[in-house]
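This report refers to the structure that appears directly beneath it.
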Amino acid sequence: MRRHPYVLVANAQETLLPKLEFLCSIGMSRLDLARTLANNPIVLMRSLEYQIRPSYTFLKKVVLSDVKVVDIWKRNPWIFRGNLFKNVIPNIELVRELGMPQSCIALLLTYYANIVMKKPDFFSQLVGEVKEMGFDPQRSSFVQAMHALSGKETTWKLCQEAYRRWGWSDEDILDAFRSHPLCMMKSGKKIMETMDFLVNKMGWQSQKIARSSRVLGYSLEMRIIPRCSVVRILLLKGLMKEEELNMNTIITTYLLPD
């Protein structure tokens with residue numbers, strides 16, 4: 466009510482209830498519905514027949530399931546109140562023409578809908594920039610690169626400054642980005658703490674991390690430190706040799722339980 470007082474004058478039975486019933490019918494729980502509408506109540510003032518239902522139909526056609534449409538709703542409910550024909554549909558058609566598969570388009574809509582809702586001129590420029598950097602539209606890394614570059618004026622610069630403190634050149638940063646685009650979406654604190662542990666405590670060369678930037682995507686406390694602690698014990702006991710170490714393998718390999 467504080468965010469959108471006009472909800473108070475809406476007809477409860479004819480305007481609000483049909484929308485709530487429709488959203489529940491596609492798998493939205495009442496708790497999730499309450500949370501999202503508390504932050505985006507203006508959705509309730511959009512037409513069910515001309516806005517909300519067509520948005521749902523289009524999204525389901527792209528992501529192929531109600532579950533994923535609900536995920537989109539929970540992450541980006543404002544997509545249900547925007548003009549799909551103005552931005553979203555032209556942008557989706559652009560990446561389709563480039564050969565982006567359904568799975569990557571679904572990823573783009575589910576996790577990065579704010580990018581798809583940008584004006585086509587901005588979106589087209591962003592796609593062109595990602596292509597020029599050598600990313601393949603048929604791979605999910607293309608979508609991740611779009612996400613990283615869309616905030617280039619803010620997060621990118623902060624990450625760039627943090628990596629340069631560890632001696633990375635512009636080429637090192639680009640190599641790291643091409644290997645793992647989300648390495649340019651980390652906080653400065655996360656970068657500094659992870660680099661400090663890997664370089665100063667584990668003795669790995671900073672430039673080698675640039676070529677294995679995927680390691681920067683893992684939790685320092687939950688993954689990197691525990692695994693590296695085991696490695697250090699093995700080294701001390703002579704059960705592993707220094708030259709046998711492969712940082713990328715140690716940190717990124719998925720370990721199945723016995």
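The numbering used here applies: residue 466 is where the sequence shown begins, and numbers increase by one. For each residue, glycine too, the CB sits at the ideal point set by N, CA and C.
Is it right to say residue i is buried, meaning 16 or more other beta carbons lie within 10 angstroms of its own, or is it exposed?
i, result
"Ile-698", "exposed"
"Asn-711", "exposed"
"Pro-470", "exposed"
"Leu-473", "exposed"
"Phe-600", "buried"
"Pro-722", "With a pLDDT of 48 at Pro-722, under the threshold of 50, the modelled position of this residue cannot be trusted, and the question is left open."
"Met-582", "buried"
"Lys-484", "buried"
"Gln-478", "exposed"
"Asn-541", "buried"
"Leu-496", "exposed"
"Gln-609", "buried"
"Val-695", "exposed"
"Lys-526", "exposed"
"Val-532", "exposed"
"Asn-556", "buried"
"Phe-588", "buried"
"Leu-663", "buried"
"Leu-591", "buried"
"Leu-704", "exposed"
Just to check my reading of the structure: residue i and residue j have Cβ atoms closer than 8 Å, yes? What is that Cβ distance to the nearest angstrom?
i, j, result
"Ile-517", "Phe-550", "Between Phe-550 and Ile-517 the Cβ distance is about 15 Å, and since that is not below 8 Å, they are no contact."
"Gln-603", "Gly-547", "Actually they are not in contact, since the Cβ atoms of Gln-603 and Gly-547 sit about 27 Å apart, beyond 8 Å."
"Ala-675", "Asp-637", "4 Å"
"Arg-509", "Leu-498", "Here residue 509 is Leu; the residue named in the question, Arg, does not match the sequence. Not confirmed; about 10 Å, so no contact."
"Asp-536", "Thr-575", "5 Å"
"Tyr-515", "Val-534", "That pair is no contact at about 18 Å."
"Met-687", "Ser-671", "That pair is no contact at about 23 Å."
"Cys-624", "Ile-656", "6 Å"
"Met-427", "Trp-669", "The chain is shown only over 466 to 723; residue 427 falls outside these bounds and no answer can be derived."
Going by DSSP, what residue range makes up the alpha helix (DSSP H) through residue i?
i, result
"Leu-663", "Run containing Leu-663: none; DSSP gives neither H nor E here."
"Ile-554", "553-562"
"Pro-585", "585-597"
"Thr-522", "518-528"
"Leu-513", "No alpha helix (DSSP H) contains Leu-513, which DSSP labels as neither H nor E."
"His-469", "Note, His-469: premise wrong, no alpha helix (DSSP H); not H, not E."
"Gln-625", "622-629"
"Arg-692", "690-701"
"Ile-537", "531-540"
"Asp-635", "635-644"
"Val-607", "At residue 607 the sequence reads Phe, which differs from the Val that was named. Residues 605-615."
"Gln-672", "671-676"
"Arg-500", "495-504"
"Cys-489", "482-490"
"Thr-717", "712-717"
Using CA atoms only, rank isn't needed, just tell me which of the options is closest to residue i.
i, options, result
"Leu-481", "Ile-715, Ile-507, Met-650", "Ile-507"
"His-645", "Ile-537, Val-595, Leu-681, Tyr-628", "Leu-681"
"Trp-633", "Val-581, Gln-590, Ser-678", "Ser-678"
"Arg-467", "Arg-495, Ala-503, Gly-492", "Ala-503"
"Glu-658", "Gly-492, Arg-630, Thr-717, Arg-643", "Arg-630"
"Gln-573", "Phe-607, Trp-543, Lys-596", "Per the sequence presented here, residue 573 reads as Leu, with Gln not at that position. The shortest Cα separation from Leu-573 among Phe-607, Trp-543, Lys-596 belongs to Phe-607."
"Ser-684", "Met-667, Asn-556, Lys-651", "Lys-651"
"Gly-616", "Ala-641, Leu-524, Leu-647", "Leu-647"
"Ile-554", "Gln-590, Leu-663, Pro-585, Met-649", "Pro-585"
"Asn-713", "Leu-513, Ala-641, Met-598, Leu-591", "Ala-641"
"Ile-666", "Lys-654, Leu-639, Ile-689", "The residue you asked about is not Ile; residue 666 is Lys in the sequence shown. That would be Ile-689, whose Cα lies nearest to the Cα of Lys-666."
"Ala-571", "Leu-529, Lys-596, Thr-718", "Leu-529"
"Met-611", "Glu-618, Leu-704, Glu-594, Lys-702", "Glu-594"
"Cys-693", "Glu-558, Ile-716, Lys-706", "Ile-716"
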